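Chemist:
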Amino acid sequence: RMRKDFLHVSGNILEERVRDMMEEEMRQLVEGHTAHRRSEDWNTEEITEQARAMNVSVDPDDTVGAGGLHEELLVIKDSANLDEEKRAKIEEILQRRADDALSGKVAQTGENATNIFRYFMLQAIDYLWTDHLEIMDYTRSSVRLRAYGQRDPLVEYKNEALKLFRQFNAAVSHLIVTNILKFNVSAAEQTQRAPQQKNLVFSKPSMTGATAVGGSSAALSTIRSSHGQKFKNIGRNDPCPCGAKKVDGTPVKFKHCHGR
Numbered sequence: 601r602m603r604k605d606f607l608h609v610s611g612n613i614l615e616e617r618v619r620d621m622m623e624e625e626m627r628q629l630v631e632g633h634t635a636h637r638r639s640e641d642w643n644t645e646e647i648t649e650q651a652r653a654m655n656v657s658v659d660p661d662d663t664v665g666a667g668g669l670h671e672e673l674l675v676i677k678d679s680a681n682l683d684e685e686k687r688a689k690i691e692e693i694l695q696r697r698a699d700d701a702l703s704g705k706v707a708q709t710g711e712n713a714t715n716i717f718r719y720f721m722l723q724a725i726d727y728l729w730t731d732h733l734e735i736m737d738y739t740r741s742s743v744r745l746r747a748y749g750q751r752d753p754l755v756e757y758k759n760e761a762l763k764l765f766r767q768f769n770a771a772v773s774h775l776i777v778t779n780i781l782k783f784n785v786s787a788a789e790q791t792q793r794a795p796q797q798k799n800l801v802f803s804k805p806s807m808t809g810a811t812a813v814g815g816s817s818a819a820l821s822t823i824r825s826s827h828g829q830k831f832k833n834i835g836r837n838d839p840c841p842c843g844a845k846k847v848d849g850t851p852v853k854f855k856h857c858h859g860r
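Position one of the sequence shown corresponds to residue 601 (our numbering), numbered consecutively onward.
#1: Rounded to the nearest angstrom, what separates D731 and T778 at their Cα positions?
#2: Taking only runs that begin and end inside the region 699-746, name each unbroken alpha helix (DSSP H) of 4 or more residues, in chain order.
#3: If we ignore side chains and look at the alpha-carbon of each, how far apart do S639 and K686 end up?
#4: Between the region 692-704 and the region 745-761, are three or more C-beta pairs nearer than 8 angstroms?
#5: Can you check whether the CB of T648 is closer than 8 angstroms to the CB of L673?
#6: Going by alpha carbons, who is nearest to A771 out of T714, M622, V609?
#7: Measuring only the C-alpha atoms, how far is D620 from K604?
#8: Can you tell me the Cα-Cα spacing of S817 and E734, whole angstroms?
#9: Who are the Cβ neighbours of M721 in its own chain at under 7 angstroms, not counting the five residues just before and after it?
#10: On the DSSP letters alone, give me the boundaries of the alpha helix (DSSP H) that V777 sits inside.
#11: Provide the residue span of the alpha helix (DSSP H) that contains V630, from first to last.
#12: Who does K853 pair with in a DSSP beta bridge?
#13: Consult DSSP for D605 and reduce its assignment to one of helix, strand or coil.
#14: For my contact list, E625 and S773 are in at a C-beta cut-off of 8 angstroms; report their separation, rounded to the angstrom.
#15: I need the straight-line Cα distance from E615 to L764, nearest angstrom please.
#16: Look at the alpha carbon of V609 and the alpha carbon of N712, and state the distance between them as a whole number of angstroms.
#17: Which of the three DSSP states is assigned to I676 in this structure?
#18: Measure from the alpha carbon of W642 to the alpha carbon of each residue in A651, Y738, D678, M736, then state which is nearest.
#19: Taking buried to mean at least 16 other C-beta atoms within 10 Å of its own C-beta, is Q723 buried or exposed?
#20: Please name the residue in E645, D752, V618 whose C-alpha comes closest to that of G675.
#21: Using only the alpha-carbon positions, how far apart do G815 and V852 sit?
#22: Would you kindly report the start and end of the unbroken alpha helix (DSSP H) that includes Y650?
#23: Beta-carbon separation of L629 and L694 under 8 angstroms?
#24: Once DSSP output is grouped into helix, strand and coil, what is the label at R697?
#25: If distances are taken between C-alpha atoms only, which option among K782, T850, P753, C840 comes closest to N655?
Structure below.
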């Protein structure tokens with residue numbers, strides 16, 4: 601159902617969903633480094649590094665940069681506010697920068713932004729879905745053993761399945777947001793490809809995200825050429841620099857992600 605929605609939803613709603621995913625990613629980033637800790641123990645440098653890895657740490661005008669973000673977070677951390685207020689302020693800063701970064705992508709890619717967003721959405725689902733099914737099969741087999749502990753295997757499986765599906769959704773959202781924020785098209789490439797991209801349409805659901813673009817392969821070519829320059833010296837068996845992870849948390853190999 602998720603794949604079908606991404607394939608047929610309108611451009612405005614698609615962008616809105618990306619922003620919702622991005623908002624949740626920033627919330628999780630802040631919560632993961634601040635929850636159950638006193639503010640004096642918060643690692644603002646690590647928050648900055650993770651934000652930079654997702655391409656949200658640089659101001660839109662490029663005058664501040666990642667160092668500027670770290671300084672901002674330190675000021676908040678050392679302020680006299682309550683920890684909850686500090687946490688909310690840090691999240692607000694990251695949300696604003698991420699939102700500006702996404703708006704920059706929309707402006708950069710113009711009318712083709714919707715197709716590019718859709719491509720990354722379908723790609724993430726297609727890639728992670730197989731792993732999700734394998735984990736579900738393993739879970740189905742393993743919960744049977746819990747009957748020896750006087751626990752209903754059917755109830756256990758339903759609980760595990762719900763948890764795994766939530767993890768799958770979170771992994772899909774993370775991969776979508778990370779790839780969209782890292783995607784870059786130079787002005788020259790955009791100008792050169794603009795005539796080819798005017799009539800881009802999407803085909804019916806297919807087996808892979810890479811074949812989700814129909815009518816013209818311009819968007820797919822643009823994405824691959826952009827990532828090809830960025831990941832030129834990465835080994836095929838190395839973890840993909842985009843930070844993508846499988847549902848179980850292990851890094852995705854470059855050859856299975858942007859190295860395909």
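C-beta: ideal position from N, C-alpha, C; glycine also.
On a predicted model such as this, the values are computed, not experimentally measured, just so you know.
Modeler: In short:
#1: One alpha carbon belongs to D731, the other to T778, and they sit about 19 angstroms apart.
#2: As far as the region 699-746 is concerned, its whole alpha helix (DSSP H) runs of at least 4 residues are 713-742.
#3: Roughly 8 angstroms separates the two Cα atoms.
#4: No, they do not touch.
#5: Yes.
#6: Taking each of T714, M622, V609 in turn and checking the Cα distance to A771, the smallest one comes out for M622.
#7: D620 and K604: Cα-Cα distance of roughly 18 angstroms.
#8: Unreliable placement is indicated for S817, whose pLDDT of 41 sits below 50; the coordinate value is still reported in the next sentence. Spanning the two alpha carbons is a distance of roughly 31 angstroms.
#9: A distance below 7 angstroms between beta-carbons, with the five flanking residues on each side excluded, links M721 to the following residues of its chain, in chain order: F606, I776.
#10: Note, V777: alpha helix (DSSP H), 753-782.
#11: DSSP places V630 inside the alpha helix (DSSP H), whose first and last residues are 611-634.
#12: Residue pairing by DSSP places K853 opposite P839 in a beta bridge.
#13: D605 carries a helical assignment under DSSP once its states are collapsed to helix, strand and coil.
#14: Indeed, because the Cβ distance is near 7 angstroms, the residues count as touching under 8 angstroms.
#15: When the Cα atoms are used, E615 and L764 turn out to be separated by approximately 26 angstroms.
#16: Here the alpha carbon of V609 sits roughly 15 angstroms from the alpha carbon of N712.
#17: Correct three-state label for I676: helix.
#18: The shortest C-alpha separation from W642 is found at D678.
#19: It is buried - the Cβ of Q723 has at least 16 other Cβ atoms within 10 Å.
#20: The sequence given here places Val at residue 675; Gly does not occur at that position. Cα-wise, what sits closest to V675 is E645.
#21: Any answer about G815 is weak, because its pLDDT of 35 lies below 50 and its placement is not dependable; what the coordinates show is given next. Roughly 30 angstroms between the two C-alpha positions.
#22: In the sequence as presented, Tyr is not what sits at residue 650; that position holds Gln. Note, Q650: alpha helix (DSSP H), 644-653.
#23: A contact, by the Cβ cut-off of 8 angstroms.
#24: In the structure shown, R697 sits in a helix (DSSP, three-state: H, G or I).
#25: Answer by Cα proximity: K782.
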